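Heads up: the sequence shown runs through residues 422 to 819, numbered per our numbering.
C-beta atoms are modelled at their ideal positions from N, C-alpha and C, and glycine is treated no differently.
Computed from a predicted structure; not experimentally measured.
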Amino acid sequence: MTQRQTALTYEEAGKGARLALDTLEMKPTRGIASWMLHVMDIAYLEKKSGHAPGSYRGDPDAVYLDFQRAAGTCMIDQYLADNPLSMGVHGFECGTERSATTGAEAVVLDGIAIDSPESVVEHMERFVLPALDTSIAETNATVCRGLTNCDDAQAAASLVREEYRMQELLGPEILKVPYGIVRFPALRYGAYGYVNYLTAYLVYPDVMEKDFALQARLAEKQNAIAARAITEGRLPKVLRSDHDMADSRGTLVDVRSLDRLWFPHFARSIEPFLRADIRLLWHCDGNLMEMTPRLIEAGISGFQGFQYEDGMDYERICRMRTRDGDPLMIWAGVSVTRTLPFGTADDVRNELAWLVENGPKTGLFLGASSSITPGVPWENLDALIEGLAYYRRRGRVL
Numbered sequence: 422m423t424q425r426q427t428a429l430t431y432e433e434a435g436k437g438a439r440l441a442l443d444t445l446e447m448k449p450t451r452g453i454a455s456w457m458l459h460v461m462d463i464a465y466l467e468k469k470s471g472h473a474p475g476s477y478r479g480d481p482d483a484v485y486l487d488f489q490r491a492a493g494t495c496m497i498d499q500y501l502a503d504n505p506l507s508m509g510v511h512g513f514e515c516g517t518e519r520s521a522t523t524g525a526e527a528v529v530l531d532g533i534a535i536d537s538p539e540s541v542v543e544h545m546e547r548f549v550l551p552a553l554d555t556s557i558a559e560t561n562a563t564v565c566r567g568l569t570n571c572d573d574a575q576a577a578a579s580l581v582r583e584e585y586r587m588q589e590l591l592g593p594e595i596l597k598v599p600y601g602i603v604r605f606p607a608l609r610y611g612a613y614g615y616v617n618y619l620t621a622y623l624v625y626p627d628v629m630e631k632d633f634a635l636q637a638r639l640a641e642k643q644n645a646i647a648a649r650a651i652t653e654g655r656l657p658k659v660l661r662s663d664h665d666m667a668d669s670r671g672t673l674v675d676v677r678s679l680d681r682l683w684f685p686h687f688a689r690s691i692e693p694f695l696r697a698d699i700r701l702l703w704h705c706d707g708n709l710m711e712m713t714p715r716l717i718e719a720g721i722s723g724f725q726g727f728q729y730e731d732g733m734d735y736e737r738i739c740r741m742r743t744r745d746g747d748p749l750m751i752w753a754g755v756s757v758t759r760t761l762p763f764g765t766a767d768d769v770r771n772e773l774a775w776l777v778e779n780g781p782k783t784g785l786f787l788g789a790s791s792s793i794t795p796g797v798p799w800e801n802l803d804a805l806i807e808g809l810a811y812y813r814r815r816g817r818v819l
């Protein structure tokens with residue numbers, strides 16, 4: 422495969438990719454763009470893409486991409502061709518190792534048993550915080566994807582080459598949007614487990630803020646390189662960031678503590694993107710309504726993925742404005758936790774109509790709210806794909 426030397430231009434883009442480009446620029450469009458459908462039911466992927474049963478495991482890229490084309494996908498940011506291989510019809514069947522948040526019997530890091538809030542703090546102070554100091558001094562090595570001793574220009578160029586490679590793989594009909602390069606302070610429950618980490622967060626706020634501050638210093642340097650890559654590579658200037666900070670009840674920690682300990686460092690970390698006029702979207706899991714206006718104030722100007730049944734008020738969010746008073750960008754989707762697995766095909770169609778009716782007039786993508794796991798009725802998946810095609814063709818005309 423020949424390596425692309427430029428970003429996908431409007432002139433060479435196919436109809437779907439052009440619709441995505443216009444939507445990302447918040448231009449009025451006749452149709453409504455659809456973004457990637459990450460279906461994890463391998464048998465359905467094979468059927469819908471026209472491949473023989475059993476072919477996915479031998480060539481996941483071909484089946485995955487042919488499915489995206491068959492589904493009418495206009496834009497992909499997170500490319501996940503291998504991901505469905507980790508899940509069978511009854512869930513994870515591949516001996517996935519249990520982690521701190523998925524039922525590990527014991528968590529031991531660097532010889533320290535993580536069995537209390539104090540052990541969390543001990544590990545952070547002995548290993549995590551010093552490692553952050555070192556990484557801050559060696560930022561370029563962490564973003565050059567295996568290269569060493571590279572400068573900022575080389576680091577940016579390595580990110581651009583990867584995006585060009587992925588665009589070549591997708592072809593002109595599907596736009597590749599950068600993903601996975603937004604850095605900001607994260608809650609470390611994934612390493613330590615929810616109970617011990619969140620208790621440490623409550624009891625030792627000074628240690629937590631020091632961690633967030635160091636993470637932000639490193640992120641600011643990394644994000645400056647990523648912003649340079651997007652600008653110089655003429656890549657789409659929209660990025661989605663993922664970090665689960667809520668469950669169905671609300672934020673994992675008191676949002677007022679985030680105001681003190683996390684939000685100032687988060688805001689600082691994303692400044693390089695805002696200075697470069699790169700739009701940032703936040704992926705929503707759980708009930709993030711308390712965080713939504715705070716994220717907007719920090720500079721987030723769009724949202725993706727909504728668990729409506731948990732209290733995410735889609736209609737209200739779509740009426741919100743950025744901190745500069747502009748409309749938000751919304752990547753909306755039919756619910757993967759309620760409507761798709763438990764509803765009917767008519768429920769799917771009705772939810773799509775509701776998303777369109779209440780969504781913003783520009784900057785709206787349609788799809789599913791997150792990954793679609795096995796067990797969803799195929800007639801619901803068919804209704805989703807047919808509905809997305811309808812709105813791509815007809816837009817808001819009913």
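Problem set entry | Per DSSP, the bridge partner or partners of A753 | In DSSP, A753 forms a bridge with L787.
Problem set entry | CB contact check: D572 to chain C, cutoff 7 Å | In summary, chain C is missing from the structure at hand, where a single protein chain is found.
For this session: Could you spell out the range, first to last residue, of the beta strand (DSSP E) harbouring R700?
Result: Looking at the DSSP string, the run of the beta strand (DSSP E) that includes R700 is R700 to H704.
Exercise. Can you tell me the Cα-Cα spacing of R638 and G479, whole angstroms?
Worked result: About 43 Å.
Exercise. Going by alpha carbons, who is nearest to Y848 out of T430, T523, E630 and E778?
Worked result: Within the shown structure, residues of the chain are numbered from 422 to 819, placing residue 848 beyond reach of any answer.
Exercise. On the three-state DSSP scale, how would you describe T672?
Worked result: Residue state, collapsed to three classes: strand.
Problem set entry | Pair within 7 Å by beta-carbon distance, Q728 and R661 | Taking 7 Å as the cut-off, the beta carbon of Q728 is found no closer than this to the beta carbon of R661.
Problem set entry | Beta-carbon spacing of K642, I699 below 7 Å | 7 Å or more divides the Cβ of K642 from the Cβ of I699.
Exercise. Counting only runs that start and end within the stretch 433–488, where is the alpha helix (DSSP H) found for 4 or more residues in a row?
Worked result: The qualifying runs are 436–445 and 463–470.
For this session: Write down the C-beta distance between N644 and F687 rounded to the nearest angstrom, noting that I regard them as a contact closer than 8 Å.
Result: Actually they are not in contact, since the Cβ atoms of N644 and F687 sit about 11 Å apart, beyond 8 Å.
Problem set entry | Inter-residue CB distance, G671 and L701 (contact presumed, cutoff 8 Å) | Contact check for G671 and L701: beta-carbon distance about 22 Å, past the 8 Å limit, so the pair fails to qualify.
Problem set entry | Spatial neighbours of L776 in its chain, beta-carbon cut-off 6 Å, leaving aside the 5 residues before and after | Excluding its 5 nearest sequence neighbours in each direction, L776 has C-beta neighbours in its own chain below 6 Å: A753, listed in chain order.
Exercise. Do the stretch 430–444 and the stretch 804–812 touch if we need at least three Cβ pairs shorter than 8 Å?
Worked result: No, the stretch 430–444 does not touch the stretch 804–812.
For this session: For G746, count neighbouring C-beta atoms within 10 Å of its own C-beta (all shown protein chains included) and say buried if the count is 16 or more, exposed if not.
Result: Classification of G746: exposed, given that the 10 Å Cβ count is below 16.
Problem set entry | Residues of its chain near V624, where Cβ-Cβ distance is below 7 Å and the 5 sequence neighbours each way are ignored | The answer, listed in chain order, is P538.
Exercise. Distance, Cα to Cα, F605 vs A634?
Worked result: Between F605 and A634, the C-alpha separation is close to 10 Å.
Exercise. What do you reckon, are the CB atoms on A640 and S722 nearer than 7 Å?
Worked result: S722 sits away from A640, with the two beta carbons spaced by 7 Å or more.
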